[in-house]
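**Q** In the UniProt record's numbering, the protein residues as written are 1 to 323.
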């Protein structure tokens with residue numbers, strides 16, 4: 001099953017520190033020209049530009065899905081985390097966790113653990129695309145060859161130079177959900193959670209690929225995940241392969257390589273909400289549920305962004321594009 005949410009060989013290495021303090025992943029690949037282009041991008045990017053890139057990516061994914069794209073999925077985000085979204089970078093800043101905070105855990109102590117968090121069914125592939133001109137193909141699980149090797153994911157896109165685009169692909173993704181109807185009423189009067197962003201859904205996976213295209217530059221991009229001996233439950237030989245004419249891919253492949261190992265846990269996507277603390281308005285028709293009364297969306301703390309990732313003054317903001 002492949003899911004479209006409302007909306008070369010590489011394993012991610014440690015990020016290379018820039019002289020200015022920003023970071024970018026070091027990328028290796030069999031396409032020399034692409035590697036050189038990425039290295040030039042790394043060398044020319046300042047810390048401020050890096051912040052705008054992560055913010056722009058987060059904004060595009062949010063507009064397409066209503067959830068926050070994590071520009072650095074290695075930074076694990078868990079259900080119950082609470083804090084704020086950095087207005088400059090778009091990154092979630094954790095200030096605590098509902099289940100580890102003494103005050104919160106005391107208030108939740110009379111709720112059975114099974115009623116606090118639930119885990120959804122795993123998905124073979126989760127993909128969110130924002131701003132792509134078209135998808136050229138979208139194949140899943142082609143034939144496995146005689147050597148036990150196959151292609152788990154194979155997709156390609158075409159992008160327009162008129163606007164930037166973002167792509168998120170995650171394999172074997174699973175979601176943890178906060179049981180809001182059981183948790184939020186217990187914490188409604190806790191002052192320190194007022195207006196705070198609370199992670200109510202976190203998507204985890206062992207492999208991901210992210211792409212943000214460049215400003216004013218369209219072109220084609222492709223992505224595939226080549227697999228090994230999946231029938232024995234191991235990911236030996238699993239590798240991402242990709243190309244792009246605009247922007248660059250950020251990838252990681254952390255499947256276990258033997259039956260005794262463990263898959264890596266990345267968090268490429270998460271949903272934020274806040275506890276509703278105001279007066280409950282009167283409604284006509286069917287009364288809302290307690291869950292609907294207690295929860296509010298936590299929207300990005302910035303105005304519309306231009307193609308550089310800078311905020312557009314409200315009076316100058318155009319109508320948001322239809323993703």
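Glycine residues also receive a C-beta, built at the ideal position from the N, C-alpha and C atoms.
Computed from a prediction, not measured in an experiment: that's the story for all the values here.
Cα separation between residue 155 and residue 83?
**A** The straight-line gap from Cα to Cα measures roughly 36 Å.
**Q** Looking at the secondary structure, which residues open and close the beta strand (DSSP E) in which residue 224 lies?
**A** Counting along the chain, the beta strand (DSSP E) containing residue 224 begins and ends at 219-227.
**Q** Once DSSP output is grouped into helix, strand and coil, what is the label at residue 304?
**A** Note: residue 304 maps to coil in three-state DSSP.
**Q** Please classify residue 56 as buried or exposed, where buried requires at least 16 neighbouring CB atoms within 10 angstroms.
**A** By the 10 Å Cβ count, residue 56 comes out buried.
**Q** Using C-beta distances below 7 Å, list every residue in its chain close to residue 314, excluding the 5 sequence neighbours before and after it, in chain order.
**A** Only 303 meet the Cβ criterion.
**Q** For residue 309 and residue 264, I'd like the C-alpha separation in whole angstroms.
**A** If I take the Cα positions, the gap works out to 31 Å.
**Q** Terminal residues of the continuous beta strand (DSSP E) containing residue 242?
**A** Unbroken beta strand (DSSP E) run through residue 242: 239-244.
**Q** Between the Cα of residue 257 and the Cα atoms of 219, 186, 111, 206, which residue gives the shortest distance?
**A** Looking at the Cα atoms, 206 is the closest of the given residues.
**Q** Start and end of the beta strand (DSSP E) containing residue 129?
**A** Looking at the DSSP string, the run of the beta strand (DSSP E) that includes residue 129 is 123-130.
**Q** Look up residue 108 in the DSSP assignment and say whether it is helix, strand or coil.
**A** Looking at residue 108 - three-state DSSP - the assignment turns out to be coil, as it is neither helix nor strand.
**Q** Helix, strand or coil for residue 152, going by three-state DSSP, please let me know.
**A** In this structure, residue 152 counts as strand in the three-state DSSP scheme.
**Q** Can you check which of these residues, 274, 255, 227, 213, is closest to residue 130 by C-alpha distance?
**A** Ranking 274, 255, 227, 213 by Cα distance to residue 130 puts 213 first.
**Q** Quick one: what's residue 87 bridged to in DSSP?
**A** Note: residue 87 sits in no beta bridge, so no partner.
**Q** Measuring alpha carbon to alpha carbon, tell me which of 248, 63, 254, 78 ends up nearest residue 239.
**A** Minimum Cα distance to residue 239 is reached at 254.
**Q** Give the straight-line distance between the Cα atoms of residue 69 and residue 276, rounded to the nearest whole angstrom.
**A** If I take the Cα positions, the gap works out to 24 Å.
**Q** Report yes if the C-beta distance between residue 209 and residue 157 is below 8 Å; otherwise report no.
**A** It is not a contact, given that the beta carbons lie outside the stated cut-off.
**Q** May I ask which residues mark the beginning and end of the beta strand (DSSP E) holding residue 170?
**A** Segment 166-178, the beta strand (DSSP E) holding residue 170.
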